[in-house]
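So the protein lines, in turn, are chains R and Y.
When you line the first sequence up against the numbering used here, it's residues 42 to 139, in that order.
When you line the second sequence up against the numbering used here, it's residues 213 to 767, in that order.
Beta carbons: idealized from backbone N, C-alpha and C, even for Gly.
It should be emphasised that the depicted structure is a prediction, and the values quoted were computed from it without experimental measurement.
Written below as structure tokens is the structure these notes are about.
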Amino acid sequence: MTEPASHVDWVEGEALLTDETGLHARPAVKLTKLAKSFAAAVEIRAEGQDRWVNAKSPNAVMKLRAGHRTMLRIRASGEDAKEAVAALAGLVTRNFDG
Amino acid sequence: MADRAAETRSGTVRSGTVRSGTVLAGVTASGGLALGPCFRPSEAAAAADAPPADAADFAAALARAATELRRLMAREERLAAEILEFQSALLEDDDLLAPVRARIAGGIPADLAWRGVLDAEIADYRAAEDEYMAARASDLADLRDRVLRALRGAPVAPAPAPEGAILVAADLTPTAFLEQDWTRLAGAALGGGSATSHVALLARARGVPMVVGLGDLSALADATPLALDADRAEVLVAPDEATRAAIRTRIAALRDEAARASEAARLPARTAAGQPVRIMVNADDPALLATTDPAICDGIGLTRTEFLFADGLPGEDAQAAAYEGLVRWAAGRPVTIRTLDAGGDKPVPGLSQPEEANPFLGLRGLRLSLRHPEAFRTQLRAIARAARLGPVKAMLPMVTVPAELEAARVHLDTAIAELEESGTPHARPALGIMVETPAAALTAESFDADFYSIGSNDLTQYVTAAARDNPALAPLADPLNPAVLELIGRTVAAGRARGVEVSLCGDMASRPECIAALIGLGLDTLSVAPATVGAVKLAVAETGARGNRQEGDPA
């Protein structure tokens, strides 16, 4: 992890973006809506970038400009962190359910 | 034309008015012709200062903007809803709103706080220098202005446009487009924008003539008479009476033609000799069918199912629902559903494919489906489920040899068996092939197909060895090339010999000038773009007796 060490315990996961246009507006909206359904703090990062962004912010997710075939790192912290990471990774893997 | 544009455009910015007869040249976003006064929607509104507002006012403005967006989304077609969905989500983006709220708490008026944060974000998006991010920047600008209007308490509905006016603006956001009454407005002329923008897409979907990229239009005063010639991508400023009369004549002729075509669309197609011809429609996007009356056609001759795969592999239920919608729409008329026609040139996320130097001659259509039997059977099950509601035909694209059809049939057998096993209601669809490779056309009779449908676009490309997406080869990629017509004629003959239906579903069926040749070759079923049904039926009516055969027809 490239983040400065902190006391936060993160559950981590990853999933590959298969959409041709990458993480564009529609998937970004779907992803943030799903992230918001969890109490845990959820963050994502695009492989090759060192910045984690709030997965509950459509603006931040959009600005990641994560392209086709980018590996998306997902991490969450909080009571339902495990479920959140699994759900987000699932959504990305299923290519945002068409 | 470019010279003329350069010469004349320089005249538009020099003074407060534009000389009569000036021609502004732009880019066609949506074709058509209109004559009417210049109408400038109040662009200044959003720039006006809002009264100082506090956190409560800001929250109320956000709520109001959210309600407006929801109302627009509910009213509009799917395309518009997708564009608005992102804006809606931004209104609930706490990361985006937190700095605005902090500024308001620090005593900055809400409008300044909001504008400051949004302007910085917009600049950020634009800095990406990426067409997609630039389009999202206009979404943000659109949202910025909507919230500013809400803060000011300005009326949501724009002032009604004068009847038949031409909207003139530096640019137009998708929501601004959607808020205009296009039954009153005759067209739009934009200084900026591009033919690939969301607004251009919306204009085409609505049939609103639109020219974009006209440059600085600030000198065009409200109510200036304008002629918008979107077919020629130009705007004539204050045209003289002779020009106006000529344009009125053209508009009348276009209207006349459209009226004749829409009248013809409602009647069954018959040649001058009384021979009936079945006219089916192509369903590229089911949304388009919502505005098409099924009574104008004899069914759906081609469903391009790729629209379902744009974001990856759809599930069986989602596909079945889409296909069932088509069958219900057709109300007893036959519905032809083509299995996935993906390839290296139009990849589908989730279906792995090798890199190919020449995707048009590669793993595409049925070849790709046979490599992905799970996905193929999912689609076949969905088609069979829809078939219980009406006559459905499953059509296989890019078939070369009979063994491929037989392999597909085995998958269909399995799909049917799986549905039976799970007790899912279904019916077996007819199974036919597209004839688009020269090999299939030359040996059509050896395929045990329930029907043949000639895909003239690919057939032309393969017969003439001229890529269809290369404008330099357009004169060679001619579907009326005698070699192409020869193969169409052979396919018709094979269908007759086997007693199965032959239709044609390529672009040439939608071109009135090709109709006589196709009927001459013995075709009696054509599948066309919904918007061209009337024009095609008129062309059929003008076609002479069946005996009017083309050279190269083997029969």
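Whether residue i touches residue j by CB criterion (8 Å)
i, j, result
"Leu-688/Y", "Ala-678/Y", "yes"
"Arg-364/Y", "Glu-280/Y", "no"
"Ala-80/R", "Asp-50/R", "no"
"Ala-402/Y", "Leu-384/Y", "This sequence places Leu at residue 402/Y; Ala is not what is there. Yes, they are a contact pair."
"Ala-530/Y", "Gly-602/Y", "no"
"Ala-373/Y", "Thr-240/Y", "no"
"Ala-101/R", "Asp-323/Y", "no"
"Ala-381/Y", "Pro-253/Y", "yes"
"Gly-718/Y", "Ser-658/Y", "no"
"Leu-274/Y", "Leu-303/Y", "yes"
"Ser-581/Y", "Leu-552/Y", "yes"
DSSP state of residue i mapped onto helix, strand, coil
i, result
"Pro-249/Y", "strand"
"Arg-467/Y", "helix"
"Asn-570/Y", "coil"
"Pro-480/Y", "coil"
"Arg-338/Y", "helix"
"Arg-86/R", "strand"
"Val-745/Y", "helix"
"Val-647/Y", "strand"
"Gly-184/Y", "In the structure as shown, chain Y starts at 213 and stops at 767, and residue 184/Y therefore has no counterpart that could be examined."
"Ile-731/Y", "helix"
Burial state of residue i, where buried means 16 or more other Cβ atoms lie within 10 Å
i, result
"Val-447/Y", "buried"
"Glu-469/Y", "exposed"
"Ala-314/Y", "exposed"
"Pro-451/Y", "buried"
"Pro-597/Y", "Looking at the sequence provided, one finds Arg at residue 597/Y rather than Pro. Answer is buried; the Cβ neighbour count reaches 16."
"Ala-128/R", "buried"
"Pro-694/Y", "exposed"
"Gly-319/Y", "exposed"
"Gly-577/Y", "buried"
"Thr-461/Y", "exposed"
"Asp-305/Y", "buried"
"Ser-715/Y", "buried"
"Leu-750/Y", "buried"
"Asn-570/Y", "exposed"
"Pro-264/Y", "exposed"
"Thr-503/Y", "exposed"
"Glu-536/Y", "buried"
"Ser-350/Y", "buried"
"Ala-157/Y", "Summary: the structure shown does not reach residue 157/Y, with chain Y confined to residues 213 through 767, and so no result is reported for it."
"Glu-616/Y", "buried"
"Ala-66/R", "buried"
"Asp-182/Y", "Lying before the first or after the last residue shown, residue 182/Y is absent from chain Y, which here runs from 213 to 767."
"Val-126/R", "buried"
"Arg-478/Y", "exposed"
"Arg-283/Y", "exposed"
"Gly-707/Y", "buried"
7 Å CB neighbourhood of residue i in its chain, flanking five on each side removed
i, result
"Phe-663/Y", "Lys-605, Ala-642, Gly-644, Val-712 and Glu-713"
"Lys-71/R", "Leu-132 and Phe-137"
"Val-420/Y", "Ser-242, Trp-394, Gly-399 and Ala-400"
"Pro-68/R", "Asp-60 and Phe-137"
"Val-539/Y", "Val-547, Ala-598, Leu-601, Gly-602 and Val-604"
"Ile-512/Y", "Met-492, Val-493, Ala-495, Leu-538, Ala-542, Val-547 and Thr-548"
"Ile-316/Y", "Asp-266, Ala-267, Phe-270, Ala-322 and Ala-325"
"Ala-435/Y", "Pro-249 and Cys-250"
Proximal residues to residue i (C-beta, below 6 Å), its chain only, five neighbours per side dropped
i, result
"Ala-457/Y", "none"
"Glu-53/R", "Arg-116"
"Thr-590/Y", "Glu-528"
"Ala-258/Y", "Note that Ala-258/Y scores a pLDDT of 45, beneath 50, so its modelled location is shaky; the value from the coordinates is reported in the next line. Counting only Cβ-Cβ distances below 6 Å, and skipping sequence neighbours, we find Asp-357 and Leu-360."
"Ala-476/Y", "Gly-746, Lys-749 and Leu-750"
"Asp-443/Y", "Gly-243"
"Ala-362/Y", "Ala-273, Arg-276 and Ala-277"
"Glu-630/Y", "none"
Cβ-based neighbour list, residue i, same chain, cut-off 8 Å, excluding 5 preceding and 5 following
i, result
"Val-748/Y", "Ala-481, Ile-491, Ala-721, Ser-722, Pro-724, Ile-727, Leu-738 and Val-740"
"Leu-692/Y", "Met-720, Cys-726 and Ala-729"
"Leu-575/Y", "Gly-555, Gly-556, Gln-565, Pro-566, Glu-568 and Arg-583"
Per DSSP, the bridge partner or partners of residue i
i, result
"Pro-437/Y", "Pro-249/Y"
"Lys-605/Y", "Thr-548/Y and Ala-642/Y"
"Val-416/Y", "A small fix is needed here, since residue 416/Y is Arg in this sequence, not Val. DSSP lists no partner for Arg-416/Y."
"Ala-237/Y", "Glu-446/Y"
"Pro-488/Y", "Arg-482/Y"
"Arg-516/Y", "Arg-550/Y"
"Met-285/Y", "Beta-bridge pairing links Met-285/Y to no other residue."
Neighbour flag for residue i against chain B, beta carbons, 8 Å
i, result
"Ser-98/R", "Absent from the structure: chain B. Protein chains present are R and Y."
Contact test: residue i Cβ vs the ligand COA heavy atom, cutoff 7 Å
i, result
"Glu-616/Y", "For the structure depicted, the ligand COA is absent and the ligand set is empty, with no information on it obtainable."
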